[in-house]
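**Q** In the working numbering, the protein residues as written are 10 to 426. Here a beta-carbon is modelled for each residue, glycine too, at the ideal position from N, C-alpha and C. Structure below; questions to follow.
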């Protein structure tokens, strides 16, 4: 008969064997507890808080002051004007002997209608100090640029042991006395850095999982599989694919509502320089050129017209006009208007904002008419008369950098649609 041994008995036997072999020791109950080891001395990293005084100096420089001081393209006096202030383009690569740029002091931006560039006071200063544009926005370049801007305004900027101090400019009176031009700078406080690494979870959360949105076998599924093999963010290709679908259906499909809802998209692709915004648009352009070529002579053509940066409302409407004479009618009969579907491409949002801010410009309201897919979009002027686009179908695409949006868009843009 086999003897049954419990687990507790087996453990007791094992302890006894280990005790005899000297491999098992019991703690002395009366012995004092071991001392807690002291941790090694920690290193505290100290980083300066934002220098409030330096920020106040740089933020107090408006775009007109920056232009007059650093552009080297002359002096401008805006008077009471806040927009449509005509100047020579501050881009040193663009001579612009016949001024074609404008400054908007409400939004603190400038834009050039000739070279289609735009920016703010920091771009003007960066060119003056021979810093890369837009490379000055990355790494240590931007703090360096701000310090140079303050120094150029007469302030003394010093750095010592990672601490930046700003001293007010000092002048000397006729009797040799020292005159202080401002209150002394307060000492800069230090704050302890809590965490230097970014939260990777938060970065992953902003990715868009496009696969559930693309049923297998559909155009969008095929388009994405063919385009995501490159190094461009997948979200760019997704929105370009949606644009392709949008212009393909045109006015042939709507959502049932009191007022028909069309699928025309106005898309702004955000990304840093070199992220692949233009590269992703090239694939869309190639696809539309091959699959949906535009014909200016076919009244019922459903091809897609690509128009780049119309400078005015009249030019935009004229682009979406298809005037064709019916050959079956008597000679001399007037031209008839037919529908055009297309994509309006502004390479930079700053260019669009600058043109829309010109004095007397109705470009933005006209774009809103296209976005609302109105049956007719028209404009009237004493110079060009009446321009009408019949049942136009327009999508739009532009690009920008995330940090530029703050200077380009204001609350008034949101309230006005």
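1. Rounded to whole angstroms, what is the Cα-Cα separation between residue 114 and residue 72?
2. Thinking residue 401 and residue 329 are a contact (beta carbons under 8 Å), I'd like their distance in whole angstroms, please.
3. Quick one: Cα of residue 29 to Cα of residue 16, how far?
4. When DSSP builds the beta bridges, which residues end up paired with residue 127?
5. Using DSSP with H/G/I as helix, E/B as strand and the rest coil, what is residue 29?
6. Given a cut-off of 8 Å, decide if residue 279 and residue 430 are closer than it, judged by their beta-carbon atoms.
7. Quick check on residue 74: does DSSP put it in helix, strand or coil?
8. Output the distance between the C-alpha atoms of residue 333 and residue 354, rounded to the nearest integer angstrom.
9. Assign residue 86 to one of two classes, buried (16 or more other C-beta atoms within 10 Å of its C-beta) or exposed (fewer than that).
10. Just curious, the beta strand (DSSP E) that residue 113 is in, first and last residue?
11. Alpha carbons only, please: which of 388, 19, 381 is nearest the one belonging to residue 372?
12. Whole angstroms is fine: what's the gap from residue 214's alpha carbon to residue 165's?
13. Between which two residues does the alpha helix (DSSP H) containing residue 365 stretch?
14. Rounded to whole angstroms, what is the Cα-Cα separation between residue 361 and residue 176?
15. For residue 88 and residue 124, I'd like the C-alpha separation in whole angstroms.
16. For residue 369, does the count of other Cβ atoms within 10 angstroms reach 16, so buried, or fall short, so exposed?
17. Secondary structure at residue 92, three-state DSSP: helix, strand or coil?
18. Could you tell me which residues DSSP pairs with residue 175 in its beta bridges?
19. Does the region 143-160 touch the region 378-392, meaning 3 or more C-beta pairs lie closer than 8 Å?
20. For residue 271, I'd like the list of residues in its chain whose CB is within less than 6 Å of its CB, leaving aside the five on either flank, ordered along the chain.
21. Could you pull out every residue in the same chain whose Cβ sits closer than 7 Å to the Cβ of residue 414, ignoring the five residues on either side in sequence?
22. Let me know the secondary structure DSSP gives residue 371 once reduced to three states.
23. Check whether the Cβ of residue 247 sits closer than 7 Å to any heavy atom of the ligand PLP, and report yes or no.
**A** According to the structure shown:
1. Residue numbering aside, residue 114 sits at position 105 when the chain shown is read from its first letter. Residue numbering aside, residue 72 sits at position 63 when the chain shown is read from its first letter. Cα to Cα, the separation comes out at about 7 Å.
2. Here residue 401 is taken as the residue at index 392 of the chain shown, counted from 1. Here residue 329 is taken as the residue at index 320 of the chain shown, counted from 1. The Cβ separation is near 4 Å, so the contact holds.
3. Numbered from its first residue, the chain shown carries residue 29 at position 20. Numbered from its first residue, the chain shown carries residue 16 at position 7. Taking the straight line from one Cα to the other gives about 20 Å.
4. Counting from 1 along the chain shown, the entry for residue 127 is found at position 118. DSSP lists 120 as the beta-bridge partner residues of residue 127.
5. The count along the chain shown starts at 1 and reaches residue 29 at position 20. DSSP places residue 29 in helix when its eight states are reduced to three.
6. One cannot answer for residue 430 here, as it falls past the ends of the chain, which runs 10 to 426.
7. Within the chain shown, residue 74 is the residue found at index 65, counting from 1. Residue 74: helix per DSSP, three-state reduction.
8. Counting from one through the chain shown, the residue named residue 333 turns up at place 324. Counting from one through the chain shown, the residue named residue 354 turns up at place 345. Approximately 25 Å, taken between the alpha carbons.
9. Taking the chain shown and counting its residues from 1, one reaches residue 86 at position 77. Answer is exposed; the Cβ neighbour count stays below 16.
10. For this step, residue 113 is matched to residue 104 along the chain shown. Residue 113 -> beta strand (DSSP E) spans 110-113.
11. In the chain shown, residue 372 corresponds to position 363, counting from 1. Ranking 388, 19, 381 by Cα distance to residue 372 puts 388 first.
12. Numbered from 1 along the chain shown, position 205 holds the residue referred to as residue 214. Numbered from 1 along the chain shown, position 156 holds the residue referred to as residue 165. For residue 214, the pLDDT reaches just 48, beneath the cut-off of 50, and the residue's location in the model is therefore unreliable, leaving the point undetermined.
13. To locate residue 365, count along the chain shown from 1; it is residue 356. Residue 365: member of the alpha helix (DSSP H) spanning 358-365, first to last residue.
14. Taking the chain shown and counting its residues from 1, the one referred to as residue 361 is at position 352. Taking the chain shown and counting its residues from 1, the one referred to as residue 176 is at position 167. Those two C-alpha atoms are separated by around 40 Å.
15. By 1-based counting over the chain shown, the position of residue 88 is 79. By 1-based counting over the chain shown, the position of residue 124 is 115. Straight-line Cα distance between these residues: approximately 26 Å.
16. In the chain shown, counting from the first residue as 1, residue 369 sits at position 360. Flag for residue 369 reads exposed.
17. Taking the chain shown and counting its residues from 1, one reaches residue 92 at position 83. Correct three-state label for residue 92: coil.
18. Residue mapping note: residue 175 aligns to position 166 of the chain shown, counting from 1. Beta-bridge partners assigned by DSSP to residue 175: 166.
19. no
20. The count along the chain shown starts at 1 and reaches residue 271 at position 262. For residue 271, where only same-chain residues beyond five positions count, the Cβ hits under 6 Å are 263, 382.
21. For this step, residue 414 is matched to residue 405 along the chain shown. Hits under 7 Å: none found.
22. Here residue 371 is taken as the residue at index 362 of the chain shown, counted from 1. Here residue 371 sits in coil by DSSP.
23. This structure lacks the ligand PLP, and indeed carries no ligand of any kind.
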